[in-house]
Structures are given as C-alpha cells and as structure tokens.
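Note sheet for the following structure.
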Amino acid sequence: MGVTFRSGDYIRFVKFGGRTIKEGEAAVIWNRDGVHSQVVGPKRVWLTFSTIRFLSRYKAEANQFIVVRHRNGNVEHLQGPISTYLNPALHDSMKVKDGIPLHTKNDCIVITKKAQSARTLS
Numbered sequence: 000m001g002v003t004f005r006s007g008d009y010i011r012f013v014k015f016g017g018r019t020i021k022e023g024e025a026a027v028i029w030n031r032d033g034v035h036s037q038v039v040g041p042k043r044v045w046l047t048f049s050t051i052r053f054l055s056r057y058k059a060e061a062n063q064f065i066v067v068r069h070r071n072g073n074v075e076h077l078q079g080p081i082s083t084y085l086n087p088a089l090h091d092s093m094k095v096k097d098g099i100p101l102h103t104k105n106d107c108i109v110i111t112k113k114a115q116s117a118r119t120l121s
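Heads up: the sequence shown runs through residues 0 to 121, numbered per numbering that gives the first Met the number 0.
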C-alpha cells in the first residue's frame with residue numbers, strides 16, 4: 000500500500016485477494032454476478048473473482064458547483080463546498096464550474112429563454 004491516491008484509471012480483476020481503500024479514496028467493486036457496490040475508505044476489502052475500479056474525486060469550493068450527469072439522463076447541480084466521486088455505474092460525467100459572484104445582497108441573476116416561434120408548413 001503506497002501513499003499516493005489512486006483514481007479512475009486504476010482497474011483490476013482480482014481472483015482472490017484484498018485491497019485497502021485509504022481515507023480520501025473510494026472504489027466500486029463488481030462481483031462475479033455483475034452487481035456493484037461502492038466503498039468509501041478507509042476500509043480493507045477482500046475480493047474473490049471481482050473487478051475493482053477506484054473512483055475519481057471531484058471537489059468544489061464555496062464559490063463553485065459540480066454538474067453531475069447521471070446515466071438515466073438527469074442532471075444535478077451540487078453547490079460547494081462539496082466533494083463527490085464519479086461512479087461509472089451511476090454517472091456519465093462530472094464537471095466543476097465556477098459560480099457567478101454576487102457583490103451585494105440586492106444583486107440577483109435573471110435567466111430567460113427565448114421562446115421559439117411556431118413554424119408553419121407550406
């Protein structure tokens with residue numbers, strides 16, 4: 000067990016053995032039936048004929064947010080400060096974006112969408 004953190008590019012098939020998931024790491028484990036479970040460290044897990052993949056961590060500061068695109072099509076915005084892991088069984092992608100700073104209590108943001116005009120068929 001090293002001192003470096005593993006991320007989403009660490010994928011291994013384990014016939015029999017153990018892995019230590021350190022504090023600050025998370026992993027998803029698929030058993031031989033294809034059922035997955037997510038493990039957040041610190042934890043020691045014993046594996047038999049399983050695939051383990053360590054997860055990439057995304058962190059947003061107080062002035063940022065995380066856009067989470069789920070596999071079922073939903074899009075979720077998580078306001079910072081927060082950290083979360085990209086689980087490939089549940090998520091398509093994650094991005095950390097900067098928020099728009101408001102300088103006074105009276106500032107506000109108005110977002111509008113232009114309505115599309117109705118088309119006529121000729």
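Ideal placement from N, C-alpha and C gives every residue a C-beta, glycine not left out. Given the structure is predicted, the values throughout are model-derived calculations rather than measurements.
With distances taken between CB atoms, is the gap from residue i to residue j smaller than 7 Å?
| i | j | result |
| --- | --- | --- |
| residue 95 | residue 65 | yes |
| residue 102 | residue 67 | no |
| residue 84 | residue 54 | yes |
| residue 74 | residue 46 | no |
| residue 61 | residue 79 | yes |
Keeping to the same chain, check which residues put their C-beta closer than 6 Å to that of residue i; ignore five residues upstream and five downstream.
| i | result |
| --- | --- |
| residue 81 | 59 |
| residue 39 | 25 |
| residue 35 | 27, 29, 88 |
| residue 97 | 63 |
Would you mind sorting residue i into buried or exposed? The rule is 16 or more other CB atoms within 10 Å of its CB.
| i | result |
| --- | --- |
| residue 52 | buried |
| residue 86 | buried |
| residue 92 | exposed |
| residue 31 | exposed |
| residue 11 | exposed |
| residue 70 | exposed |
Who does residue i pair with in a DSSP beta bridge?
| i | result |
| --- | --- |
| residue 191 | A query on residue 191 cannot be resolved here, the shown segment of the chain reaching from 0 to 121 and no further. |
Leaving out five residues before and five after residue i in sequence, what residues of the same chain have Cβ atoms less than 8 Å from its Cβ?
| i | result |
| --- | --- |
| residue 17 | 43, 44, 45, 46 |
Excluding the 5 residues flanking residue i on each side, which residues of the same chain have their C-beta closer than 7 Å to its C-beta?
| i | result |
| --- | --- |
| residue 76 | 64, 66 |
Segment contact, 8 Å Cβ cut-off, at least three pairs: the segment 14–23 with the segment 36–53: yes
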